[in-house]
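Data block below; observations after.
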Amino acid sequence: MTVIRLLPPELINQIAAGEVIERPSSVVKELVENSLDAGATRIEVDIEAGGARLIRVRDDGGGIHVDELPLAVASHATSKIGSFDDLEHVASMGFRGEALASVSSVSRFALTSRARDQDAAFRVEVDGGKLQAARPAQHPQGTSAEVRDLFYNVPARRKFMRAERTEFAHIDDLLKSLALARGSVEFRLSHNGKPVRIWKAARNEQAELQRVAEVLGEDFPAQSLRIDHAMAGLHLSGWVGLPTASRAQADSQYFYVNGRLVRDRIVAHAVRQAYADVLFHGRHAAFVLYLELDPAGVDVNVHPAKHEVRFREQRLVHDFLFRTLHEALAQTRAGANMPPATESVPVPMVAGAHAAPAYSSAAAWPGQFSQNRLNLGVREAPLAGYAALLGESASASSPSSAPMPAAEEGETPPLGFAIAQLKSIFVLAENAHGMVLVDMHAAHERITYEKLKSGRVASNLRSQMLLVPLGIAVSAKEAAAAEEHAEALAEWGLELSRSGPATIVVRRIPALLEGADVAQLSRDVLSELAQHGSSRRLQELENELLSTMACHGSVRAGRRLTIPEMNALLREMEATERSGQCNHGRPTWVQLSLAELDKLFMRGR
């Protein structure tokens, strides 16, 4: 057997570097986070050869005292925590005391700093793990960290580095995420001596939104909703993209916990559920969200790279995120919060590109078309138990079924008034801004769907007793979840009981889901409960069925509508939640301004 021995410090640091330093962007992350912790208001990042030749990060923070410079590059030396209690309440970006030691072990490293109370700056250099004595240097208040020849002494790791353009792209993406995290800090990025990015410090919300637009695209502010909600010690703020501003990839999702960019399955699940009713299949939402909570409520000491966190109250955080986003997206009514008619609209406002105001049940827009209303009732459903579940409440419970108030003279509703029908598919309307084009089937489908959901909630949820109770083998964790959440499941009509360490018995299911695969349904619900502490699988399945019914029960393409019927449809859209998208996430309407119509005919040139 080999002899057990202590590893040399240089080897220990290189092993740690394998966990912390994956590529040049990892170095930039650690150095910039140190600058943020030092209170910097301006950070400059200079890159050469994609970071392989040089990475330099300079800040105007508090600096490091000359006596502490050798400690700064030592392993497990930090100014950010000093006790176990500090570790339980981490509020800084870094805290492990490994970053600079790891970086200096795989590069030619130099640290130059001038503290606030020092008359001169000092510099230390580390080459191959060997620390040189500090010597005087010229430098303003703050710190500069230089990393040259990254992985020069680790050839195997250097071979895994990608092309210069690829590595710089990772650095650029990283700086974008850090710039969004700290809007009050100025960031500058250059590559091979050429300026690439300059983000000026944001002094107000409008400037912060401009920085968001620089990262997520100029169209994002007009196609997003502002979020600002606090409850139970949690505060969520930021911007979420409208469903029609979704993307093919999840590359525009930024979620920060106490200023730290994180990837968390609880957060991802909550966001996915919030968008479930409005997002087109296979698309991904875009958002920039900031969650603030007591540092004691989140454990950041999960992974050396600090990308992952663990919430102490996972279910509370999950439900808070879901409900906040779900309610915000529910207010995206078609035509909501239109800009003043005197303003020109530079780009089409697709599917309600502005946050909706909180409408009352009697919408404050004109149109006495109730006597000519479209029949929004759903055709006879082939699903057993559906009629008994909803009864007459599907139409009576909807706020949009109330008679609309009379129009005031000169007042125009957001979607305007119908003027024609195109190919028996689209409704053309004129409003104060120009022309509105509505997909009548998609719009009616959303209206019908929301009425069905309201009817289901208003009625007593019925359940169906199984003739023979069904025994199902599950994991011990899922069986425990069934026992713990039995009462909550019973409210949804699913009666489960634990019959053994890893078995459950199903006795009752929701009447609306009669004919479903009971075993698979139960496993799906329990899997989510065991993993996330909550489950909306039953509700999602019922919504899928109601969505199908709404699709088949809505007005079809090819049907001729009268002008009063078209106006009734527009008024229903203005009063219905999520009416900017159909049940499948497709837009229901498009606004074309007069300025855009003029451009089509080259008017004013």
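If you're matching positions, the sequence shown starts at 2 in the working numbering and goes up one per residue.
Just so you know, even glycine gets a beta-carbon here, dropped at the ideal spot from N, CA and C.
Problem set entry | Nearest-angstrom beta carbon gap, L243 and R335 [assumed within contact, 8 Å] | Before going further, note that residue 335 is Ala rather than Arg in the sequence given. Contact flag wrong, Cβ pair sits at about 12 Å.
Exercise. Straight-line CA distance for F321 to W240?
Worked result: Spanning the two alpha carbons is a distance of roughly 16 Å.
Problem set entry | Residues near L210 in its chain [Cβ-Cβ closer than 8 Å; skip 5 each side] | Taken in chain order, the residues that qualify are P222 and W240.
Problem set entry | F622 (DSSP reduced to helix, strand or coil) | Within the shown structure, residues of the chain are numbered from 2 to 606, placing residue 622 beyond reach of any answer.
For this session: Identify every run of the alpha helix (DSSP H) within the region 185-263, keeping only runs that are complete inside it and at least 4 residues long; order them along the chain.
Result: For the region 185-263, whole alpha helix (DSSP H) runs of length 4 or above, ordered along the chain, are 206-217.
Exercise. Are the region 152-172 and the region 46-54 in contact at 8 Å, needing three or more beta carbon pairs?
Worked result: These segments touch.
Exercise. First and last residue of the alpha helix (DSSP H) that includes R572?
Worked result: From DSSP, the alpha helix (DSSP H) with R572 extends over I564 to A576.
Problem set entry | Among P196, T79 and F110, the one whose alpha carbon lies nearest that of V46 | The closest CA to that of V46, considering only P196, T79 and F110, is found on P196.
Problem set entry | 6 Å CB neighbourhood of S145 in its chain, flanking five on each side removed | Taking C-beta separations shorter than 6 Å and ignoring five residues to either side along the sequence, the partners of S145 in its chain run R59 and T113, following chain order.
Exercise. According to DSSP, which residues form a beta bridge with P415?
Worked result: Residue pairing of P415 in beta bridges, as defined by DSSP: absent, with no partner found.
Exercise. Q521 by DSSP, collapsed to three states: which one?
Worked result: In the structure shown, the three-state DSSP call for Q521 is helix.
Problem set entry | Own chain, CB closer than 6 Å to G98, minus 5 neighbours either side, in chain order | The residues are H77, A78 and T79.
For this session: Work out the CA separation of L181 and V213 for me, nearest whole Å.
Result: Computed Cα separation, rounded: 7 Å.
For this session: Return the residue from the list S594, A569 and R579 that minimises the CA-CA distance to R587.
Result: Of the residues S594, A569 and R579, the one whose Cα lies closest to the Cα of R587 is R579.
Exercise. Should A121 be labelled buried (16 or more other beta-carbon atoms within 10 Å of its own) or exposed?
Worked result: Looking at its Cβ environment, which holds fewer than 16 other Cβ atoms inside 10 Å, A121 is exposed.
Exercise. Starting from R159 and walking both ways along the alpha helix (DSSP H), at which residues does that stretch end?
Worked result: R159 -> alpha helix (DSSP H) spans P156 to K160.
For this session: Please go through the same chain and pick out, in chain order, the residues whose beta-carbon is closer than 7 Å to the beta-carbon of K201, but skip the five residues on each side of it.
Result: E187, listed in sequence order.
Exercise. Taking contact to mean at least 3 C-beta pairs separated by less than 8 Å, is the region 470-488 in contact with the region 519-534?
Worked result: Touching, yes, given that three or more Cβ pairs across the two stretches are closer than 8 Å.
For this session: Please work out which residues of its chain come closer than 6 Å, Cβ to Cβ, to A364, disregarding the five sequence neighbours upstream and downstream, and give them in chain order.
Result: Low confidence applies to A364: its pLDDT is 34, below 50, so where it sits in the model is not reliable enough to give any reading.
For this session: Could you check what DSSP says for G435 in three-state terms: helix, strand or coil?
Result: Note: G435 maps to strand in three-state DSSP.
Exercise. Does DSSP classify L32 as helix, strand or coil?
Worked result: In the structure shown, L32 sits in a helix (DSSP, three-state: H, G or I).
Problem set entry | Same chain, Cβ closer than 7 Å to A297, neighbours up to 5 away in sequence not counted | E89 and H90.
Exercise. Does the region 66-74 come close enough to the region 123-138 that 3 or more CB-CB pairs lie under 8 Å?
Worked result: The region 123-138, when compared against the region 66-74, does touch it at the 8 Å Cβ threshold.
Problem set entry | Simplified DSSP state of V331, which is helix, strand or coil | In the sequence as presented, Val is not what sits at residue 331; that position holds Ala. DSSP places A331 in helix when its eight states are reduced to three.
For this session: Measure the alpha-carbon distance for P565 versus L330 and round it to whole angstroms.
Result: Cα to Cα, the separation comes out at about 29 Å.
For this session: Tell me whether F169 sits in a helix, a strand or coil according to DSSP, three-state version.
Result: In the structure shown, F169 falls within a helical segment according to DSSP collapsed to helix, strand and coil.
Problem set entry | Given V301 as reference, the closest of A286, Y276, D265 and V428 once Cα atoms are compared | Taking V301 as reference, the option from A286, Y276, D265 and V428 with the minimal CA-CA separation is D265.
Problem set entry | First and last residue of the uninterrupted beta strand (DSSP E) at R43 | Taken as a continuous stretch (DSSP letters only), the beta strand (DSSP E) holding R43 covers R43 to E49.
For this session: Give a yes or no on whether the C-beta atoms belonging to V263 and V310 are separated by under 8 Å.
Result: Here V263 is near V310, since their CB atoms are less than 8 Å apart.
For this session: Could you pull the start and end residues of the beta strand (DSSP E) that A496 belongs to?
Result: One detail in the question is off: residue 496 reads as Glu in this sequence, not Ala. It spans E496 to G501 - the beta strand (DSSP E) in which E496 sits, taken as one unbroken run.
Exercise. Can you tell which of P502, G129 and A286 has the C-alpha that lies nearest to the C-alpha of G270?
Worked result: It is His, not Gly, that sits at residue 270 in the sequence shown. Scanning P502, G129 and A286 for the CA closest to the CA of H270 turns up A286.
For this session: Note down the Cα distance separating L522 from L495, rounded to an integer number of angstroms.
Result: Straight-line Cα distance between these residues: approximately 10 Å.
For this session: Can you give me the Cβ contacts of S105 inside the same chain, cut-off strictly under 6 Å, excluding the 5 residues immediately before and after it?
Result: Close CB contacts of S105 within its chain, under the 6 Å cut and outside five residues either way in sequence, are with V74 and V127 (chain order).
For this session: Given a cut-off of 8 Å, decide if W590 and L438 are closer than it, judged by their beta-carbon atoms.
Result: Between L438 and W590, the C-beta gap is smaller than 8 Å, which places the two residues in contact.
Exercise. What is the rounded straight-line gap between the Cα of H442 and the Cα of A419?
Worked result: When rounded, the distance between both Cα atoms is 15 Å.
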